[in-house]
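Q: Chains as they are written, first to last, in our numbering: chain A, 757 to 942; chain B, 312 to 566.
For reference, the structure I am asking about is given below.
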């Protein structure tokens, strides 16, 4: 590669990159924020992911740019979590499915305020989400807050679609318990 | 179906991700099993609660501008900073500096920069093919090799012409994805530059006279012929792009 190589017109590099990656900064930050549970760490992860994306943009062959970029963000966050060793990063052992007694409100913080209509507040929902194991949390956030399909989530989290479904089932089960969503009569 | 299996499938059911057979099975199970029915109702409440109230996080403005600045630091002065691998710019020579539109051009009318998202998309696709060095899926200067290559890959037959004698040798073709559909892309070389010609069918759009836009340093010329939309994207001189457009349009009329 000769010296000609860097005589690229400025916009060339970032035109494609901006179209593919930078339009998904909000989704990237949201995923990083939910995974790291920390504003500063989330910013660091997104910045790191953008740099990695820049480096690997050459291997991007078109297709779903959002999934491609979120995979990089996700991997950056998991590396960060791995280093901190504060979280279980594999599928935790599952308890019985709706066994009697398991449906009661589990570890609700005492005296937590509920909203006017008796259901959970934003704060409580955020806390319940943050208490999910990381792999359940990411599946749930990608599905419910980013509106992604199972196929997209499977590609980002690098597991089969069936695993996405069972992780979502477990995430929902834990959230139902934490947020006490039993109907009025129970 | 037992409750353990149903419990997993209920998530897929809630998300509309099950096939018809499983939907039928789960609905039958829900009819019979009060416990799973309650579980599903709770999951529905959870879903609406989370969608309505869960905290949302968007990229903070300062992060966005920091990132934009670092991405664009690749730009000012036309020099790429160290952290962009040089391999990216294998085709840098081919891209060279942008040639400004000359006001004397009369080949086609020049409209103000257009906000049509498709124009953005074809420019981004052209740039991406250069950056990723994914120039062609079928590399051939022979129109009789390139044209049949598209058979069965697209639901239309793009006209393919070699224009080597006129200074635009055909380099090959590839399939791209623009505006939510697969389209044909032909690649021509003009001196050190690459020119992409994107072709896709659209019966609802008629652009009888070519119109041109300038975007991100590239010139885009669009027109339609017989229900096909043509978009030429390059950084060659506008006058030369005008020549190519005339050749392509002349050739299409002959076919």
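Yeah, the Cβ is synthetic: ideal placement off N, Cα and C, and Gly gets one too.
Do you know how far the Cα of residue 454 of chain B is from the Cα of residue 524 of chain B?
A: For residue 524 of chain B and residue 454 of chain B, the distance between alpha carbons rounds to 28 angstroms.
Q: Check the Cβ-Cβ distances between residue 804 of chain A and every residue of chain B, and say whether any is below 7 angstroms.
A: It does not; no Cβ of chain B falls within 7 angstroms.
Q: Kindly list, in the order they appear in chain B, the residues whose Cβ is closer than 7 angstroms to that of residue 908 of chain A.
A: Under the 7 angstroms cutoff, chain B gives no residues; its nearest Cβ is about 11 angstroms from residue 908 of chain A.
Q: Could you give the distance in angstroms between the alpha-carbon of residue 475 of chain B and the alpha-carbon of residue 435 of chain B?
A: So the alpha carbons of these two residues sit roughly 26 angstroms apart.
Q: Note down, in chain order, every chain B residue with its Cβ under 7 angstroms from the Cβ of residue 881 of chain A.
A: Result: 360, 361, 364, 365.
Q: Pull up the DSSP beta-bridge partners for residue 479 of chain B, would you.
A: Answer is B/474.
Q: Excluding the 5 residues flanking residue 800 of chain A on each side, which residues of the same chain have their C-beta closer than 6 angstroms to its C-beta?
A: Excluding residues within five positions, none has a Cβ falling inside 6 angstroms.
Q: Quick one: Cα of residue 288 of chain B to Cα of residue 433 of chain B, how far?
A: Not covered by the structure: residue 288 of chain B. The range shown for chain B is 312 to 566.
Q: Please go through the same chain and pick out, in chain order, the residues whose beta-carbon is closer than 8 angstroms to the beta-carbon of residue 501 of chain B, but skip the five residues on each side of it.
A: Closer than 8 angstroms at Cβ, skipping near neighbours: 478, 479, 545, 547, 551, 555.
Q: Report yes if the C-beta distance between residue 319 of chain B and residue 906 of chain A is below 7 angstroms; otherwise report no.
A: Taking 7 angstroms as the Cβ cut-off, residue 319 of chain B and residue 906 of chain A do not qualify as a contacting pair.
Q: Compute the Euclidean distance between the alpha carbons of residue 925 of chain A and residue 321 of chain B, then round it to the nearest angstrom.
A: Near 7 angstroms, if we compare the C-alpha coordinates of residue 321 of chain B and residue 925 of chain A.
Q: Does the beta-carbon of residue 428 of chain B have 16 or more other beta-carbons within 10 angstroms, so that it is buried, or is it exposed?
A: So residue 428 of chain B counts as exposed.
Q: Kindly indicate which three-state DSSP category residue 464 of chain B falls into: helix, strand or coil?
A: Looking at residue 464 of chain B - three-state DSSP - the assignment turns out to be coil, as it is neither helix nor strand.
Q: Taking only three categories from DSSP, how would you classify residue 487 of chain B?
A: Residue 487 of chain B falls in the strand class under three-state DSSP.
Q: Comparing the C-beta of residue 339 of chain B with each C-beta of chain A, is any distance below 7 angstroms?
A: No, because no Cβ of chain A sits closer than 7 angstroms to the Cβ of residue 339 of chain B.
Q: Shorter than 6 angstroms, the distance from the beta carbon of residue 928 of chain A to the closest heavy atom of the ligand ADP, or not?
A: By its list of ligands, the structure shown contains no ligand whatsoever, and the ligand ADP lies outside what it can speak to.
Q: I believe residue 465 of chain B touches residue 484 of chain B by the beta-carbon criterion, under 8 angstroms. Please report the beta-carbon distance rounded to the nearest angstrom.
A: About 10 angstroms; that fails the 8 angstroms criterion.
Q: Please report the straight-line C-alpha distance between residue 782 of chain A and residue 909 of chain A, rounded to a whole angstrom.
A: If you take the alpha carbons of residue 782 of chain A and residue 909 of chain A, they lie about 17 angstroms apart.
Q: Quick one: which unbroken alpha helix (DSSP H) runs of 4-plus residues sit fully inside the stretch 882-925 of chain A? Chain order, please.
A: Here the runs fully enclosed are 890-896, 906-913.
Q: CA-CA distance, residue 786 of chain A and residue 379 of chain B?
A: Each residue's alpha carbon lies about 18 angstroms from the other.
Q: How far does the alpha helix (DSSP H) with residue 361 of chain B in it reach, from first residue to last?
A: Looking at the DSSP string, the run of the alpha helix (DSSP H) that includes residue 361 of chain B is 345-364.
Q: By the criterion of Cβ-Cβ separation under 7 angstroms, what are the contact partners of residue 447 of chain B in chain A?
A: Those within 7 angstroms of residue 447 of chain B in chain A number zero; the least Cβ separation is about 13 angstroms.
Q: Would you call the CB atoms of residue 553 of chain B and residue 472 of chain B closer than 7 angstroms?
A: No, Cβ-Cβ distance for residue 553 of chain B and residue 472 of chain B is not below 7 angstroms.
Q: Assuming residue 894 of chain A contacts residue 919 of chain A (C-beta within less than 8 angstroms), just tell me the rounded distance between them.
A: Contact doesn't hold; Cβ gap of about 12 angstroms is too wide.
Q: I want to see whether chain A comes within less than 7 angstroms of residue 378 of chain B, judged by CB atoms only; does it?
A: Interface residue, yes.
Q: Inspect the CB distances between the stretch 929-937 of chain A and the stretch 878-889 of chain A and report whether three or more fall short of 8 angstroms.
A: Output reads yes: the stretch 878-889 of chain A touches the stretch 929-937 of chain A.
Q: Would you list, in sequence order, the uninterrupted alpha helix (DSSP H) runs of no fewer than 4 residues that lie entirely inside the stretch 793-853 of chain A?
A: Taking only runs of at least 4 residues, the alpha helix (DSSP H) segments lying wholly in the stretch 793-853 of chain A are 795-812, 821-840.
Q: Roughly how many whole angstroms lie between the Cα atoms of residue 797 of chain A and residue 348 of chain B?
A: Distance between the alpha carbons of residue 797 of chain A and residue 348 of chain B is about 40 angstroms.
Q: What first and last residue would you give for the beta strand (DSSP E) that runs through residue 532 of chain B?
A: Segment 529-536, the beta strand (DSSP E) holding residue 532 of chain B.
Q: If we call anything under 7 angstroms between Cβ atoms a contact, is residue 890 of chain A one with residue 826 of chain A?
A: No, Cβ-Cβ distance for residue 890 of chain A and residue 826 of chain A is not below 7 angstroms.
Q: According to DSSP, is residue 371 of chain B helix, strand or coil?
A: It is coil, neither helix nor strand.
Q: Against residue 375 of chain B, what residues of chain E qualify as contacts under a CB-to-CB distance less than 7 angstroms, listed in chain order?
A: Among the protein chains in the structure shown, which are A and B, there is no chain E.
Q: Taking DSSP's pairing of strands, which residues face residue 493 of chain B in a bridge?
A: Residue 493 of chain B pairs with B/488.
Q: Spell out whether any CB of chain B is found under 7 angstroms from the CB atom of residue 931 of chain A.
A: Judged by the 7 angstroms Cβ criterion, residue 931 of chain A is in contact with chain B.
Q: Do you know how far the Cα of residue 506 of chain B is from the Cα of residue 447 of chain B?
A: Those two C-alpha atoms are separated by around 12 angstroms.
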